[in-house]
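A.B. asks: Residues in the sequence shown are numbered consecutively from 1, following full-length UniProt numbering. Glycine included, C-beta positions come from ideal geometry on N, C-alpha and C. Just so you know, these numbers come straight off a predicted model, no measurement behind them. The structure under discussion is supplied below as structure tokens; questions concerning it will follow.
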Amino acid sequence: MEFLSNIGEERLGDALAESIGNDAKLSIISSYFTVFAYGELKDALSKVEELRFVFSEPTFVKRMQDAKEPMEFELKRRSREQGIGGTGLELTLRNNLNQRALAMECAEWIREKATFKSAKHCGAIQPGGTYHIDNANGEAQAFMGASADFTLEGLGYDRRPETVMGVSHYEGKTEAAGLKAMFDSVWDNPAMVEEVTDAVAEQVQTLYKDNAPEYIYFLTLYHLFRDFMADDEDDPIKPEFRLEDSVIWNKLYDFQKDAVVGAIHKLEKYKGCIIADSVGLGKTFEALAVMKYYQERNARILVLAPKRLRENWTLYAADNDERNVLADDRLSFTVLNHTDLSRYTGYSGDVNLETLRWGNYDLIVIDESHNFRNKPTDTTKKSRYDRLMEDIIKSGIRTKVLMLSATPVNNRLLDLRNQIEIITEGDDEYLAEDGIPSINSVTRRAQQRFQEWSKLDDAERTTQSFVNAVNADYFKLLDVLTIARSRKHIDKYYTAGDTKFPERRKPVSLHPPIDSKGELPSIAELNDMIASLTFAQYQQLAYVMPGRQQKYVDMYGDTWGRDFDSQINRTQAVANLMRVNLLKRLESSIDAFRISLERIYEGNLATKQMLDKAERLVAQRDMAQIDAAMFDDEDDFAEYRASSKVHVDPADLDRLKLGQDIDYDISVLEQLLGYAREITPERDEKLRVLRELIEQKAASPFNGGNRKILVFSAFADTVNYLYDQLAEPLANELGLECAMVTGDVARTHSLKVKRTTFDTALAHFSPVSKELSDARRRLGEIDILFATDCISEGQNLQDCDCLVNYDIHWNPVRIIQRFGRIDRLGSTNTTIQLVNFWPDIELDEYIQLEGRVKGRMALLDASATGEENVLEGKRNDEMNDLKYRRQQLQALQEEVLNLEDMSGGISITDFAFDDFRAELKRYVQNHPGLLENSPCGLCAVTPIPPELADDVEPGIVFCLKQNDESRDPKDTNPTFPYYVIYVTENDSVMSPHTQPKAALDIMRATCDGEAQPLHDLCKRFNRKTKDGTDMAHANALLQTAVSDITGVQEAKGIEQLFSVGEVGGGAVLGFDDYSIVSFVVLM
1 MEFLSNIGEE
11 RLGDALAESI
21 GNDAKLSIIS
31 SYFTVFAYGE
41 LKDALSKVEE
51 LRFVFSEPTF
61 VKRMQDAKEP
71 MEFELKRRSR
81 EQGIGGTGLE
91 LTLRNNLNQR
101 ALAMECAEWI
111 REKATFKSAK
121 HCGAIQPGGT
131 YHIDNANGEA
141 QAFMGASADF
151 TLEGLGYDRR
161 PETVMGVSHY
171 EGKTEAAGLK
181 AMFDSVWDNP
191 AMVEEVTDAV
201 AEQVQTLYKD
211 NAPEYIYFLT
221 LYHLFRDFMA
231 DDEDDPIKPE
241 FRLEDSVIWN
251 KLYDFQKDAV
261 VGAIHKLEKY
271 KGCIIADSVG
281 LGKTFEALAV
291 MKYYQERNAR
301 ILVLAPKRLR
311 ENWTLYAADN
321 DERNVLADDR
331 LSFTVLNHTD
341 LSRYTGYSGD
351 VNLETLRWGN
361 YDLIVIDESH
371 NFRNKPTDTT
381 KKSRYDRLME
391 DIIKSGIRTK
401 VLMLSATPVN
411 NRLLDLRNQI
421 EIITEGDDEY
431 LAEDGIPSIN
441 SVTRRAQQRF
451 QEWSKLDDAE
461 RTTQSFVNAV
471 NADYFKLLDV
481 LTIARSRKHI
491 DKYYTAGDTK
501 FPERRKPVSL
511 HPPIDSKGEL
521 PSIAELNDMI
531 ASLTFAQYQQ
541 LAYVMPGRQQ
551 KYVDMYGDTW
561 GRDFDSQINR
571 TQAVANLMRV
581 NLLKRLESSI
591 DAFRISLERI
601 YEGNLATKQM
611 LDKAERLVAQ
621 RDMAQIDAAM
631 FDDEDDFAEY
641 RASSKVHVDP
651 ADLDRLKLGQ
661 DIDYDISVLE
671 QLLGYAREIT
681 PERDEKLRVL
691 RELIEQKAAS
701 PFNGGNRKIL
711 VFSAFADTVN
721 YLYDQLAEPL
731 ANELGLECAM
741 VTGDVARTHS
751 LKVKRTTFDT
761 ALAHFSPVSK
771 ELSDARRRLG
781 EIDILFATDC
791 ISEGQNLQDC
801 DCLVNYDIHW
811 NPVRIIQRFG
821 RIDRLGSTNT
831 TIQLVNFWPD
841 IELDEYIQLE
851 GRVKGRMALL
861 DASATGEENV
871 LEGKRNDEMN
881 DLKYRRQQLQ
891 ALQEEVLNLE
901 DMSGGISITD
911 FAFDDFRAEL
921 KRYVQNHPGL
931 LENSPCGLCA
941 VTPIPPELAD
951 DVEPGIVFCL
961 KQNDESRDPK
971 DTNPTFPYYV
981 IYVTENDSVM
991 SPHTQPKAAL
1001 DIMRATCDGE
1011 AQPLHDLCKR
1021 FNRKTKDGTD
1031 MAHANALLQT
1041 AVSDITGVQE
1051 AKGIEQLFSV
1061 GEVGGGAVLG
1071 FDDYSIVSFV
1081 VLM
């Protein structure tokens, strides 16, 4: 006997090749058999007369003999079966994608010469590799080693240093006889082994046969998300609480069902979930299905919703309401308004707030949860956020939290943190086991990276550059707790036939002047007059004499600013809010502008009178004069209202200077009021153009007689004005019934209902989507609805097919939210129309005008929120924002943008994988054992559908795995240790590994539903690659993929050298550090 080191010139594989003679009989015991090991020895193996091979552990056996095998044994069995196609280092990329060609040769050889058997029991045969060669000339040799499996590593051709183990070599019949006898005793014992030749041959065949694209797509998903599948084996959706029989479940689209299942999983595992689907995708019904599941588990459920959306929820808790299409589900839950969190007495509906046990709910659903994205800075009183955290989340029983919002992240990535803290009860280390040791650190670091990314030039500010810039654990955080799908995503990649949106017509842009006579000064001239106003009545602190200033620091330091300069800045900011608001209302309607001027003018007169009488002053005059309706932004009004608490003693003022500024404002306001009062409704050209538009739509509907139009304005005064001027003539002349809603106010012209409420108006405007009964529909329908943004979120009004923005909101996101009321799945309309009224001014001039107004904004004290300027930030950031808004507003004149398009191309919908997990779960349930037992390295060939031809080029989508998971490169790969990357035929990376969702979306769109191999395409590919023997081009694309991966890793490594708190970044890996999992060829 001699000892072989199995390294270099003493490799077992070389010794076997030299020892095997013509017509030899070869016997092997090994845990593994791989086609790559066959490939190294194929010349020698072609000479043998027969091969007898025994798997030393159960592999391909029909039935495990043990009553119950532990999971670890099951996983090892699958590993051995999958290992036919390669194990460990064999699947590294340097094997040139030649698995298919080797498998074809190996299969033929097996059919001619090999017989395989497998141990039936775990541990019945001594582990390790045993080889016996019985040559035709009578010579015999044997080899045995603890790690000498029939793999490239076992044969000594591939070796990890830590696994080096020698092999014993027995020469001659005498020395080898003992091993031969041992082998024969196993081979001939049916109690120990059973034949598995057919199963081995079938597995080898899978390596070269044509594969169905769908199979490879789901095989890829299986490797990416099999940990999720393992977690899912103890399915939290208990069969006794099945949703399938409920009414709500059967009203959902497939993508909504996926969201429900995903949300329940997150609620069970993490006690919380944020459903962040885009506008119009039905988050309310998704939440109702989740609630139905927990109700069946006897959970007590609370819904917190904005007051204007209350009936969206209470309707489904009313068993005897004819509008409740879910009545048979008998849903039961409590509904409270967000504002009820600020109340301690009284009733909300039939709930007594004084005696309510806030901490006794098992599940809380928060609609429009973005309203809780900001923590209040006023520590002197308990805020709604504080009440939610202390009295509901942290009090009483452990509460699960389901949040709904299309915009959980507004303009700061930190927005997400405050909402997540509601789930985690403020525990910063809540997700430590999921690789997120500190939620606060992750979100702060992401915010810093986001701010740096925001400063890039437009061409560089892409989703790809954002992903490369932001820390990977932020995306992990998103994936753990959020479910987010975009309209574009559903429309493009969800192939279910019933998920159709109406077609968007090109937007109509109208630019009517204000005055039909053309006598009113231009908007720019009017704005110059507005800009000249001092608004002294709103910033009286600025007139406090120096020796009296400390008094106000002491009085208001806790709530209004820690020093006097901070207080002055805030009062100046409030004055600027008023200045901006006047311009906004001028753009909206001449009537809204006039009303504001009159209120401000009256306030100035009152202030002047008080000055003259030396009465005690209040910085903000009568709150009845300036109310929320004056503003189009709740935050602006909140800032204004907070300032009303600042009281100024006349004795402390420079009354002369204040009086001069008040007198100046009165004179300018009188001039502006004179202009506004001259524009009567008869001279209002914008009003005339709207009426003409309504008449044209009524005469020529887009969709079979549909005359409905939804008209939005940011201001209640404009809505009232439009209704007052148009409702009667439209009813009398065209038979069009009009209604208006502004918060709590609702009016209809001649609808035959006892009382017009907010919900009544919406139901009769969109009776199909609101499922109004036939009896109530006979009371009449509303054709034209004038509304403020009180209905811009959470309402399904898809009976309507035309939406008019009578004024352009300065926040483009609001425009998309408005359009989401009619741009919805399941619409009965084939096409829908957006009409935008723009100021009578060129867009560039309009943006510059806005810039001049906002340029007067003062920086607020950073102590207010911990951020810079609450209103705008630094001037450079402001100008970048104006430049960006110009691009967005320009685009809105040409097309209807999606919500995810409005945030600079970045949306959390770009980083969510829940749909894929849900699809994978269904596939595994329908194809048990298929994916679990499939080898790696497989490929499929699929065509690019015509509808994707503009976005997808021929190429290959690769799924790779990093072999050593301990060497974390610390890049932004959310699917580590797997990498999904799409390389086009012309050798460019279309979808990098930092954006795996984009590549997976393409795989889904091209593969899903292709359940059979596409043989014609496969023949073309096989001819091109000479049946897998010439994979040079595919290997070149693979080289590009790996180079792109390592390039990103190198860049991140260099960056981390200079990043505080990120010292000791990950390793940069090379070509041999990855193995092929699967790949899809797009042709």
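1. Can you grab the Cα-Cα spacing for the pair D340 / S348, in whole Å?
2. Have a look at K117 and H1015 and give me their C-alpha separation to the nearest angstrom.
3. If you measure between the beta carbons of E40 and T59, is that distance less than 8 Å?
4. Do you know how far the Cα of E678 is from the Cα of K400?
5. Going residue by residue through the stretch 705–769, where are the continuous beta strand (DSSP E) segments of at least 3 residues, counting only ones entirely within it?
6. So, at 7 Å on beta carbons, what are the nonlocal neighbours of residue 1085 in its own chain, with the 5 sequence-adjacent residues on each side left out?
7. Measure the Cβ-Cβ separation of P974 and I981 and say whether it is below 8 Å.
8. Please name the residue, chosen from L431, S465, Q141, F3, that lies closest to L477 on a Cα-to-Cα basis.
9. Please name the residue, chosen from K997, I1002, L920, that lies closest to L948 on a Cα-to-Cα basis.
10. Could you pull out every residue in the same chain whose Cβ sits closer than 7 Å to the Cβ of R655, ignoring the five residues on either side in sequence?
11. Roughly how many angstroms separate the alpha carbons of I808 and A1041, rounded to a whole number?
12. Terminal residues of the continuous beta strand (DSSP E) containing V804?
13. Can you tell me whether V365 is buried or exposed? The criterion is at least 16 other CB atoms within 10 Å of its CB, across all chains shown.
14. Determine the contact status of L597 and L672, defining contact as a CB-CB distance below 8 Å.
15. Which same chain residues end up closer than 6 Å to Q1012 when comparing Cβ atoms and leaving out the 5 residues on each side of it in sequence?
16. Considering Cα atoms alone, identify which of L825, L730, A263 is closest to K697.
17. Where does D457 land, buried or exposed, given buried means 16+ other C-beta within 10 angstroms?
18. For T495, count neighbouring C-beta atoms within 10 Å of its own C-beta (all shown protein chains included) and say buried if the count is 16 or more, exposed if not.
19. To the nearest angstrom, report how far apart A142 and V204 are at their CA atoms.
20. Please classify Y979: does DSSP put it in a helix, a strand, or coil?
21. If we count the other Cβ atoms within 10 Å of its Cβ and call it buried at 16 or more, is K613 buried or exposed?
22. Hey, A484 and A912: beta-carbon distance below 8 Å or not?
23. Quick check for students: name the residue ranges of the alpha helix (DSSP H) that lie wholly in the stretch 331–403, counting only runs of 4 or more.
24. Measure the Cβ-Cβ separation of G1028 and R100 and say whether it is below 8 Å.
25. Note down, in chain order, each residue of its chain lying with its Cβ closer than 6 Å to the Cβ of residue 1087, except the 5 sequence neighbours on either side.
26. Does M902 pass the burial test, meaning 16 or more other C-beta atoms within 10 Å, or should it be called exposed?
27. Can you list, in chain order, the residues of its chain whose CB lies under 8 Å from that of T345, leaving out five sequence neighbours each side?
28. What's the C-alpha gap between I1076 and C936?
29. Measure the CB-CB distance between T34 and T115 and report whether it falls below 8 Å.
30. Hey, out of S966, N963, D950, Y978, whose CA is closest to V957's CA?
31. S438 bridges to which residues according to DSSP?
32. Is D1001 near the ligand GTP, in the sense that its beta carbon is under 7 Å from a heavy atom of that ligand?
33. Taking only three categories from DSSP, how would you classify A787?
34. Leaving out five residues on either side along the sequence, give the residues of the same chain with a beta carbon under 8 Å from the beta carbon of D767.
35. Helix, strand or coil: which one does DSSP assign to G937?
36. For L653, is the classification buried or exposed, using 16 other Cβ atoms within 10 angstroms of its Cβ as the cut-off for buried?
C.D. replies: Put simply:
1. 7 Å
2. 33 Å
3. no
4. 59 Å
5. 709–712, 738–742, 745–748
6. Past the edges of the chain, shown from 1 to 1083, lies residue 1085, and the structure says nothing about it.
7. no
8. L431
9. I1002
10. L611
11. 45 Å
12. 802–805
13. buried
14. yes
15. A212
16. L730
17. exposed
18. Here the model assigns T495 a pLDDT of 48, short of 50, so the residue's position is not dependable, and the following value carries that caveat. Exposed.
19. 27 Å
20. strand
21. exposed
22. yes
23. 384–387
24. yes
25. Nothing can be reported for residue 1087, as the shown portion of the chain is limited to 1 through 1083.
26. Low local confidence applies: a pLDDT of 42 at M902 is under 50, so the model's placement there is unreliable, and no value is given.
27. L353, E354
28. 7 Å
29. no
30. Y978
31. Per DSSP, none; premise fails for S438.
32. The ligand content of the structure shown is nil, which means the ligand GTP is not present either.
33. strand
34. With the sequence shown as reference, residue 767 is identified as Pro, and Asp is not the correct amino acid for it. Around P767: R776, R777, E781, D799.
35. coil
36. buried
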